[in-house]
Every structure is written in C-alpha cells, then in structure tokens.
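**Student:** Taken in sequence, the protein lines are chains A and B. Here the numbering used here is used: the first residue of the first sequence is 1, the next is one more, and so on. Here the numbering used here is used: the first residue of the second sequence is 515, the next is one more, and so on. Where a beta carbon is used, it is the ideal one built from N, C-alpha and C, also for glycine.
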Amino acid sequence: MSNPQPRSAALQGVQGRLDFRAVTKRYGPTVALSEFTHSFAPGQVHALMGKNGSGKSTLVKLLAGVTEPTSGTITVNGEDRHFTSPHDAFAAGIVTVHQELSLVPELSVGENIFLGRLPHRRRAGFSVVDWAGLHRRAGELLADMGLAIDSRQPVSALSVGQQQVVEIVKAMSFNPSILLLDEPTSALASREVKQLFALIERLRARGVTMIYITHRMSELFKIADTCTVIRDGHYIGAVEMRETTPSAIVGMMFGDAARATRPPRRTLDRTKPVLEVRDLSRSGHFHNVSFDLYPGEILGIAGLLGAGRTELMRAIFGADRIDGGSVVFDGRDMTGASPREMRKAGLGYTPENRKEVGLVQSLSTADNLCMASLGPISNRGFISRRREQPFVRRQIADLHIKCGDPELPVSSLSGGNQQKVVIGKWLNRQPTVMFFDEPSRGVDVQAKRQIFDIIWQQAADGLASLFVSTELEEVLEVADRILVMHHGAVVAEVDPTKIDLTELYGLCMEGAKQ
Amino acid sequence: MTLVSQTTETGGQNTPLKFLKTYPMEIILAALVIFLIFVAPGFASTSNVLNVLRTVSMLGIIAFGMTAVIISGEIDLSVGAGAALAGCIVAWFADRFTDTFGDWGAVTVGFAVALLLGFSLGYLTGRFRQWFNVPTFITTLALFAALRGVANLITGGFPMSSFPLGFDFLGGGYLFGIPFPVYIFALTFAAMHFLMKYTSFGREVYAVGGNMEAARLSGIDIWKVKALTLGLTGALTAVSGTLIASQIGAGTGTTATGMELDVIAAVIIGGTSLFGGKGRIWGTLIGVLFLGCISNGMTLMNVSEYWQYVVRGGIILGAVLLNQVLERVR
C-alpha cells in the first residue's frame with residue numbers, strides 16, 4: 001500500500017529473521033498455542049507441520065495480525081512487534097498468502113496485483129488510473145519472477161495453479177521479508193506444483209524467509225530447508241530436512257499414533273456391474289467415457305486437475321447436465337436423472353468442496369448427518385430428535401466422528417471430522433454406490449487413514465465406490481482398479497499393483513505411455 | 515476453527531449472562547411490557563390486552579409463514595397487497611354469488627378461491643425463480659403492485675361490504691372472552707412450530723436456506739421446498755386478509771397497506787436471518803408481540819404517528835444489530 005515501487009520491492013528484502021518467545025494463545029479455556037518458542041532463520045523455507053487442530057492456523061493468524069497473542073512476544077528482525085491488525089503485520093514486512101485464493105476473477109492479473117493501490121496519473125486536471133503504467137509494472141514484476149503470464153488477462157482465464165502464483169506475486173509486490181504460505185499446493189496438480197516451487201526457489205535465492213504450511217509430506221523434502229512440528233499447541237521440535245525422514249516427521253506429528261495399512265486386496269465378482277456408463281459426454285468437460293463398476297469394487301480415477309474427474313462424477317450423479325451417452329444403475333436406465341432420483345436408486349456423492357456444498361454449515365452435526373435420509377428417518381413426514389438419534393449415534397460411533405455435542409453447528413468441527421459427517425450423511429441411506437471426490441483434501445494424516453479405513457470397510461461389505469484424489473499415491477493405495485483421465489477422456493485403465501507412482505504420473509500428464 | 519470441539523465440553527454455563535444471550539428478545543419484550551404497564555395509561559387493562567392480541571393476530575398469521583420463507587432464503591413482499599386482495603375476493607363473492615351459493619356459501623367459496631389463489635401465486639413465485647431465475651424479491655415486488663391493482667379493479671375502488679350477518683364474528687367477535695382471530699393465530703403458531711421442528715419438510719427448509727447446493731446434492735428438491743413455503747405464506751395471507759375484511763366489515767383495496775414491512779420486521783426482530791438457514795417460529799411470535807406492544811403503547815401515550823414510524827425503523831435496525839452482536843459473543 002505504502003510502496004509504489006513494486007519492482008525494486010521484489011529485489012530487496014533480505015532481512016527476515018523471526019523469533020517467537022513463549023507465545024501463548026488462549027481462546028477462552030482452550031489453549032491453542034502454548035509457550036511457543038522458536039527462531040526461524042532468515043532466507044530459508046521453513047515447513048510448519050502439524051495435524052489439524054495442532055495450532056498451525058493459530059500461528060499463521062498471529063503472524064498475519066488476525067489475532068493477538070495472549071502472552072509472549074514475536075520479534076521480527078530483532079525488533080519486538082505487537083500486531084493488532086493485518087496492517088501491522090504488513091508494516092513489519094510479513095505478508096500471508098492464504099489457503100483460499102483472494103483474487104477477483106473478473107479483473108485483470110495486473111489490477112489484482114495492485115488492487116486497492118492502483119497507480120494514478122493526471123489527465124486534464126483529474127487523477128485517473130494509469131493503466132499503461134500498471135500493466136508495465138505488473139509485467140515487470142511477473143517477468144522478474146520468471147512467469148510468462150500476460151498481466152492484461154482476466155484472472156478467470158488462468159488455471160488454479162497460475163492464480164496461486166499470481167497471488168504470490170501480489171504478496172511479493174508488498175516487499176515482504178517474510179512470506180507465509182498456507183497450503184499453497186492444496187488445489188494444485190503436480191505440474192503446477194513444479195511451477196510454484198520454481199518461484200519459491202527464486203524467492204529463497206533473494207533471501208526471503210518463508211513459512212510453508214502443507215499436509216503433503218513429499219513436498220517438504222523437495223522445497224523446505226527445515227521442518228518445525230507442533231502438536232496440540234506445543235512446539236515439538238525443528239529438524240533440518242536433509243537430516244530427517246518422512247517417518248521421523250510423522251512420528252513427531254502424531255506421537256505414538258499407529259499407522260494403519262491397507263487391507264489385502266480381494267478378488268471381486270465381476271459378473272454383474274452395479275453401474276454401467278457408456279459414451280458419457282458433457283461438452284467442454286469430458287467425452288465418450290465408458291466404464292463398469294462392480295459391487296465391492298473401489299475404482300480410482302486419476303488425472304490432473306481439470307482432467308474432468310469431478311465433472312464426470314457430478315454428471316453421473318445428476319448434478320450437471322449431460323450431452324450424450326447413458327448411465328445404467330442396477331440394471332435400470334438412469335440417464336439424465338436428478339440427484340434426488342439417483343439418491344433414491346442408491347447412489348451417494350461426497351463433493352470435493354465439502355465446506356461449500358457438502359455441508360450446511362449453519363446446521364448441527366446431527367442435522368447434517370440426517371439431511372440425505374429425512375425420508376427414511378421420518379414417520380410419514382414427521383420427525384423428531386428422538387427418531388434421528390440412532391442414525392446420528394451410529395455414524396458418530398462407526399466413523400469415529402469427534403464432535404462433542406452433535407447439536408452444535410457442524411462448522412465447529414475440524415476438516416477431517418466434517419468430511420466424515422459428509423460420508424456419514426450418505427451411509428445413513430445405505431447406498432449401493434458411493435462417489436468419493438477428494439475425501440482426503442485438507443484433512444490430517446490420521447483422519448485420512450480413518451477415512452480410507454471407512455472406504456475399505458464399506459467395500460468389504462459390498463459397497464461399490466468411485467474414488468478421486470489429486471494425490472496419486474492415495475489413488476494407488478486405495479483403489480482396486482484405476483482409470484486415468486486426460487483432457488476429458490479415459491486414456492488408460494491400470495492395475496494399482498502393477499504400476500508405480502512415476503508411471504501413473506506420466507500417464508496423467510501425457511495421456512499415454514511413453 | 516479447529517479448537518471449538520474442546521471448548522464446548524462444559525455446555526451450559528448457567529450464569530445470568532448466558533440467559534441474557536440466549537433470550538435477548540424475550541427479556542427486552544418483558545422489560546417493555548413492564549415499562550408500559552407503569553407508563554402507558556390503560557395498557558394492562560383486559561380490553562386493551564385483548565385489543566393488542568387481536569391486532570397482532572392478523573400480522574402474526576402471515577409472519578409465521580414469512581419466517582419459513584425467509585429461512586428458506588427467499589422473501590415475499592406481496593403479503594400486504596395479497597391480504598387486501600383476499601378480502602376483496604371474499605367480499606366480491608358475497609356481493610355477486612349470494613343467489614347462487616347462499617350468503618354463507620358465497621363467502622365460503624370466496625374464501626376457498628382466495629386461499630387457492632394465494633397458495634398458487636406463492637407457489638408459482640417459487641417456480642419462477644427456478645424456471646426463469648427471477649429473484650422472489652422481484653416477482654413479489656411485481657405482485658405487490660399488481661395485486662393491489664386487481665383488488666381495486668374487483669371492488670371498483672370502493673369498499674364492498676355485503677357480507678352476511680354474523681360474518682364480522684371472524685375478525686371482530688369473541689369466543690370464551692377472547693377475540694376469535696387469536697385462536698387462528700395460536701393455531702397457526704402451533705402448526706408452523708410443529709412443521710418447522712417436527713417434519714422432514716421443516717428440516718429441508720433449514721437445509722435449503724442454509725446451503726442450497728449442499729441441499730440439492732443431498733437429494734432435496736430445493737425448488738419444491740421453496741415454492742411450498744411461498745405457497746404456504748400465500749395461503750396464510752388469504753386467511754389473514756379474510757379476517758381483516760371481517761373485522762372492518764368490508765373488502766377494500768386499501769387495507770393492509772405497508773403490512774409486508776411489519777411482517778418482515780416481526781420476523782427479523784424475532785432473530786431470523788435474512789441470509790437464510792437460521793430462525794425460529796417462536797422468535798417470530800416474540801417479534802410480533804413486541805411490535806404490537808410498542809405501537810399500542812405509543813398510541814396510548816399519545817406519541818404522534820410520525821414518531822411511531824421513526825421508532826419502528828429504529829427498532830428494526832436495533833434488533834438486527836443486537837442479533838449480529840450476540841452472534842459474535844456467542
């Protein structure tokens with residue numbers, strides 16, 4: 001805001017020492033962060049790891065000036081700082097790139113970068129926006145970061161990965177010495193992650209200190225210099241990445257939590273499919289997709305973001321229109337059915353963005369668990385908490401949903417537990433087929449394990465599922481069979497026991513075996 | 515976000531503060547009533563109390579339906595005009611069809627027609643949103659203007675008052691010493707409370723208003739739910755309109771002017787969120803009583819009508835602010 005010289009901004013910024021001394025944050029009786037003491041060395045990429053609810057988000061909020069510590073001090077470049085607003089954090093040279101993108105899709109890339117501080121010039125006595133200057137400076141900034149993005153393009157024309165990169169460019173235009181990246185890769189496919197990492201490397205070379213939050217273990221070893229682990233609000237330790245292993249970090253994150261492993265694969269009865277999809281097309285999204293799904297089978301769909309995985313599932317479920325092809329469910333033609341009809345036929349769908357469309361955040365856990373099965377629960381339309389009780393209790397017990405009082409809003413639950421509520425909502429209907437779209441996104445490792453266990457257990461009981469995940473290692477682990485999608489078409493069908501990660505990545509990226 | 519599960523173990527801290535946060539409007543209403551008992555001459559007299567109850571009944575019957583509409587994430591601006599039209603339809607039937615159906619028969623048929631029309635217009639408003647993506651704000655704004663026009667067209671611009679003998683009982687009579695509309699009011703309250711709390715339809719209304727896409731992906735017929743809440747409100751509007759016509763003894767196109775604002779105000783004062791998904795029928799009952807008491811109290815205290823408008827505006831804003839503040843401290 002106060003810095004009208006973004007180009008020089010990107011070239012400066014080589015301080016970036018950050019110290020926490022006994023920083024504690026309480027919310028009422030809950031201690032979110034307890035006596036956190038640690039020094040982040042300047043010019044390095046510091047990964048911050050911890051499962052959901054460990055205090056990571058609190059740490060980010062404190063640094064971003066969103067909340068204030070209850071006690072303790074934060075020192076930036078050797079100077080004690082007390083942030084009462086995000087503006088104070090900016091002033092101290094700390095900029096945060098939040099998990100949710102905060103760009104305005106309709107505006108151009110350049111305008112987004114300088115939003116709220118557009119450059120002006122005099123024209124006939126009036127101060128008008130200096131568009132030429134803006135795009136020149138935005139262009140310089142983008143080129144400076146090694147990006148080939150036209151600053152005049154609307155942000156909506158960019159891929160999610162490019163948008164994430166623009167977000168970082170915008171953050172860097174504030175000339176920060178410390179950059180906070182909160183799960184920047186959570187919505188990115190691997191190619192886009194590479195681009196992002198190239199940018200991070202560039203910033204590191206300039207001496208910017210980065211705090212990098214992620215759930216993806218594999219990324220740490222590629223990009224981070226150190227890894228700091230917190231658990232239940234306590235500082236557990238910090239390690240140099242070249243001196244540690246994934247299992248050591250997992251050990252720090254979870255203490256003694258056991259790692260479940262995949263149950264042995266079973267031979268499936270492939271005589272009668274429960275779902276038959278033939279030549280299904282939706283223009284602009286996917287075309288001529290055909291496959292069969294058998295009872296008890298977990299069919300994984302692998303592909304990059306935008307390959308048409310989610311769109312395919314939504315169309316089969318009836319959430320989106322289809323342009324051609326057919327869907328046969330349990331021997332009945334269900335082409336073009338509504339979600340309501342598909343639900344009745346025995347299909348359930350847990351959407352990828354559970355917060356936005358999987359749950360009604362204003363309602364309680366109990367309400368959400370019963371939402372898809374009000375018909376079966378009610379007695380001729382009449383319903384009461386008493387009638388709902390068994391349905392609510394069963395899912396909470398079976399899925400190990402940690403929710404305290406089920407009458408409290410579902411919004412108070414952690415990501416993993418919210419995901420379980422979405423799954424429980426459908427299991428209450430005893431579906432024959434389930435579509436799981438990114439069930440592990442934004443969920444900690446332990447909850448992820450539990451969710452996979454649920455999927456395997458249901459499959460053993462005969463439930464057929466489609467499983468989609470951006471993380472290919474998950475698809476390899478969870479699925480019995482994998483379809484690879486590329487640009488809206490199914491390009492390969494592979495056996496997860498006979499393909500390795502590199503090959504699968506290759507298929508997803510290139511669309512064919514090389 | 516991730517912390518709350520730990521903080522809620524205690525559940526109820528039974529302090530007076532907690533009580534204050536849970537029942538803010540109840541407490542304010544009680545304070546208002548106590549204040550008026552001491553300050554407004556004749557407020558506590560039996561006849562005045564019954565009078566207040568009768569007045570709030572007409573408003574409240576519609577407000578309970580409106581609560582469902584607003585929870586479902588929609589709005590209905592046409593209820594004032596709809597009430598006027600319903601009264602005119604009943605009056606018109608009484609005027610024209612007494613020979614065909616008999617005097618009470620004509621009124622009954624008129625009421626049935628008004629009821630059906632009210633339901634259909636509401637239902638279609640919901641479907642309009644589905645088919646043509648016209649917000650209910652616009653459709654009901656159009657109806658707000660058009661229905662009052664139709665009411666005046668039917669009556670020719672003059673009050674129509676050829677009701678059968680005893681028709682005034684519905685709006686103006688007493689049963690066991692209590693105004694008849696109060697029974698309808700109480701019945702509507704009980705029915706709507708039950709509908710919203712103990713039926714799957716009620717649960718669906720909350721789900722649809724809280725998150726339309728999540729409800730749709732849960733297999734709920736969101737448009738049907740919205741259309742039905744609007745239809746229900748239309749039907750309740752017809753009931754209220756008929757009672758008003760009975761009370762004033764005529765069907766006229768100019769009754770219930772501005773009623774939609776009072777109805778919406780009552781719902782909002784009762785804590786229902788205009789963003790949808792949140793609200794209670796009980797809250798609306800409090801809101802209706804609050805509005806009734808305050809306007810009656812001001813009249814008794816000889817506050818000018820103009821000031822009454824100003825006060826009412828202040829109350830609406832104050833109630834919303836209070837709810838926002840409470841939302842934050844909860």
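Between V289 of chain A and Q163 of chain A, what straight-line distance do the alpha-carbon atoms span, to the nearest angstrom?
**Tutor:** Against the first sequence, residue 289 of chain A aligns to sequence position 289. Against the first sequence, residue 163 of chain A aligns to sequence position 163. Going from the Cα of V289 of chain A to the Cα of Q163 of chain A covers about 29 Å.
**Student:** Name, please, each residue of chain B whose Cβ falls closer than 7 Å to the Cβ of L147 of chain A.
**Tutor:** The residue labelled residue 147 of chain A in the question sits at position 147 within the first sequence. Residues of chain B passing the Cβ test: none, with the nearest at roughly 32 Å.
**Student:** In this structure, how does DSSP classify G827 of chain B when only helix, strand and coil are distinguished?
**Tutor:** On the second sequence, residue 827 of chain B is found 313 positions in, with the first residue counted as 1. Helix at G827 of chain B.
**Student:** Where does N368 of chain A sit, in a helix, a strand or coil, going by DSSP?
**Tutor:** Translated into the one-based positions of the first sequence, residue 368 of chain A becomes position 368. Of the three classes helix, strand and coil, the one that applies to N368 of chain A here is helix, per DSSP.
**Student:** Who pairs with G324 of chain A in a beta bridge, going by DSSP?
**Tutor:** If you number the first sequence from 1, residue 324 of chain A lands on position 324. The partner list for G324 of chain A (beta bridge, DSSP) reads A:S281.
**Student:** Mind pulling the chain A residues with CB within less than 8 Å of F715 of chain B?
**Tutor:** Your numbering for residue 715 of chain B matches position 201 in the second sequence. Going along chain A in sequence order, the residues near F715 of chain B (Cβ under 8 Å) are G381.
**Student:** Tell me the residue span of the alpha helix (DSSP H) that contains R394 of chain A.
**Tutor:** Translated into the one-based positions of the first sequence, residue 394 of chain A becomes position 394. Note, R394 of chain A: alpha helix (DSSP H), R385 to D398.
**Student:** Return the CA-CA distance between T350 of chain A and P390 of chain A, expressed in angstroms with no decimal places.
**Tutor:** Position 350 of the first sequence holds residue 350 of chain A. Position 390 of the first sequence holds residue 390 of chain A. So the two alpha carbons sit approximately 22 Å from each other.
**Student:** Using 10 angstroms around the beta-carbon of I223 of chain A, count the other beta-carbons present and answer buried if the total reaches 16, otherwise exposed.
**Tutor:** Taking the first residue of the first sequence as 1, we reach residue 223 of chain A at position 223. I223 of chain A is buried by the Cβ-count criterion.
**Student:** Are any of the Cβ atoms in chain A nearer than 7 Å to that of N725 of chain B?
**Tutor:** Against the second sequence, residue 725 of chain B aligns to sequence position 211. Judged by the 7 Å Cβ criterion, N725 of chain B is in contact with chain A.
**Student:** Using the three-state DSSP reduction, which class does P246 of chain A fall into: helix, strand or coil?
**Tutor:** Taking the first sequence and counting its residues from 1, the one referred to as residue 246 of chain A is at position 246. Helix, per DSSP.
**Student:** To which residues of the same chain is V165 of chain A closer than 7 Å at the C-beta, ignoring the five residues directly before and after it?
**Tutor:** The residue given as residue 165 of chain A occupies position 165 in the first sequence. Excluding residues within five positions, the ones whose Cβ falls inside 7 Å are L147, Q195, L196 and L199.
**Student:** At the level of alpha carbons, what is the spacing between A205 of chain A and G43 of chain A?
**Tutor:** Within the first sequence, the letter at position 205 stands for residue 205 of chain A. Within the first sequence, the letter at position 43 stands for residue 43 of chain A. Going by the C-alpha atoms only, they are around 8 Å apart.
**Student:** Give the DSSP bridge partners of A489 of chain A, in chain order.
**Tutor:** Locating residue 489 of chain A in the first sequence gives position 489, where the first residue counts as 1. In DSSP, A489 of chain A forms a bridge with A:H486.
**Student:** Does the Cβ-Cβ distance between G791 of chain B and G723 of chain B come in under 7 Å?
**Tutor:** Numbered from its first residue, the second sequence carries residue 791 of chain B at position 277. Numbered from its first residue, the second sequence carries residue 723 of chain B at position 209. Yes; because the gap between Cβ atoms is below 7 Å, this pair is in contact.
**Student:** For chain B, is any of its Cβ atoms less than 7 Å away from the one on A143 of chain A?
**Tutor:** By one-based count along the first sequence, residue 143 of chain A stands at place 143. Not closer than 7 Å to any Cβ of chain B, the Cβ of A143 of chain A fails to qualify, so no.
**Student:** What are the boundary residues of the alpha helix (DSSP H) that S57 of chain A is part of?
**Tutor:** Position 57 of the first sequence holds residue 57 of chain A. Here the alpha helix (DSSP H) through S57 of chain A covers K56 to A64.
**Student:** Check this for me: beta carbons of M217 of chain A and C227 of chain A, under 7 Å apart or not?
**Tutor:** Within the first sequence, the letter at position 217 stands for residue 217 of chain A. Within the first sequence, the letter at position 227 stands for residue 227 of chain A. No, Cβ-Cβ distance for M217 of chain A and C227 of chain A is not below 7 Å.
**Student:** Under three-state DSSP, which class holds I113 of chain A?
**Tutor:** Numbered from its first residue, the first sequence carries residue 113 of chain A at position 113. The answer is helix: DSSP assigns I113 of chain A an H, G or I state.
**Student:** From the beta carbon of G526 of chain B, is the nearest beta carbon of chain A less than 7 Å away?
**Tutor:** As a first step, residue 526 of chain B must be located in the second sequence, where it is residue number 12. Confidence at G526 of chain B is low in this model, with a pLDDT of 46, below 50, so its placement is unreliable and no value can be given for it.
**Student:** Can you check whether the CB of A171 of chain A is closer than 7 Å to the CB of V76 of chain A?
**Tutor:** As a first step, residue 76 of chain A must be located in the first sequence, where it is residue number 76. As a first step, residue 171 of chain A must be located in the first sequence, where it is residue number 171. Cβ atoms of V76 of chain A and A171 of chain A: not closer than 7 Å.
**Student:** How about I830 of chain B and A779 of chain B: do their beta carbons lie closer than 7 Å?
**Tutor:** Walking along the second sequence from the start, residue 830 of chain B turns up at place 316. Walking along the second sequence from the start, residue 779 of chain B turns up at place 265. Yes. Within cutoff.
**Student:** Would G346 of chain A and G55 of chain A qualify as a contact pair, given that the criterion is a beta-carbon distance under 7 Å?
**Tutor:** If you number the first sequence from 1, residue 346 of chain A lands on position 346. If you number the first sequence from 1, residue 55 of chain A lands on position 55. In this structure, G55 of chain A does not lie closer than 7 Å to G346 of chain A by Cβ.
**Student:** Counting only C-beta atoms, is M371 of chain A closer than 7 Å to chain B at any point?
**Tutor:** In the first sequence, the residue the question calls residue 371 of chain A occupies position 371. At least one chain B Cβ lies under 7 Å of M371 of chain A.
**Student:** The beta strand (DSSP E) that contains K402 of chain A, what's its start and end?
**Tutor:** In the first sequence, the residue the question calls residue 402 of chain A occupies position 402. Counting along the chain, K402 of chain A falls outside any beta strand (DSSP E), and DSSP gives it neither H nor E.
**Student:** Do we get a CB-CB distance below 7 Å when we pair K738 of chain B with the residues of chain A?
**Tutor:** Within the second sequence, residue 738 of chain B is the residue found at index 224, counting from 1. No - not a single Cβ of chain A is within 7 Å of the one on K738 of chain B.
**Student:** Does Y537 of chain B come out as helix, strand or coil in the three-state DSSP assignment?
**Tutor:** Residue mapping note: residue 537 of chain B aligns to position 23 of the second sequence, counting from 1. Here Y537 of chain B sits in coil by DSSP.
**Student:** Of all the options B:W796, B:V753 and B:L805, which has the alpha carbon lying nearest to the alpha carbon of V777 of chain B?
**Tutor:** Position 263 of the second sequence holds residue 777 of chain B. Measuring from the Cα of V777 of chain B, the nearest candidate turns out to be B:L805.
**Student:** Taking C-beta to C-beta, are V719 of chain B and V696 of chain B nearer than 7 Å?
**Tutor:** Within the second sequence, the letter at position 205 stands for residue 719 of chain B. Within the second sequence, the letter at position 182 stands for residue 696 of chain B. For V719 of chain B and V696 of chain B, no; Cβs fall outside 7 Å.
**Student:** In the DSSP output, what is K425 of chain A paired with across the bridge?
**Tutor:** What you label residue 425 of chain A is simply residue 425 of the first sequence in a count that begins at 1. In the DSSP output, where bridge partners are listed per residue, K425 of chain A has none listed.
**Student:** For the alpha helix (DSSP H) containing R662 of chain B, name the first residue and the last one.
**Tutor:** Numbered from its first residue, the second sequence carries residue 662 of chain B at position 148. Where R662 of chain B is concerned, the enclosing alpha helix (DSSP H) stretches over T650 to T669.
**Student:** Give the list of continuous alpha helix (DSSP H) stretches no shorter than 4 residues that lie fully inside the region 425-481 of chain A.
**Tutor:** Complete alpha helix (DSSP H) runs here, min 4: 445-460 and 472-478.
**Student:** With which residues is V128 of chain A paired in a DSSP beta bridge?
**Tutor:** Stepping through the first sequence from its first residue, residue 128 of chain A is reached at position 128. Answer by DSSP bridge pairing, in chain order: A:R121.
**Student:** Under a three-way DSSP split, which group does K25 of chain A fall into?
**Tutor:** Within the first sequence, numbered from 1, the residue matching residue 25 of chain A stands at position 25. The answer is strand: DSSP assigns K25 of chain A an E or B state.
**Student:** Got a sec: which bits of the region 729-760 of chain B sit with their beta carbon under 8 Å from any beta carbon on chain A, in order along the chain?
**Tutor:** Under the 8 Å Cβ criterion, the region 729-760 of chain B contributes A729, R730, L731, S732, G733, I734 and D735.
**Student:** In chain A, which residues lie with their C-beta within 8 Å of the C-beta of A721 of chain B?
**Tutor:** As a working mapping, residue 721 of chain B is identified with position 207 in the second sequence. Within chain A, the residues near A721 of chain B are V360, L363, D367 and M371.
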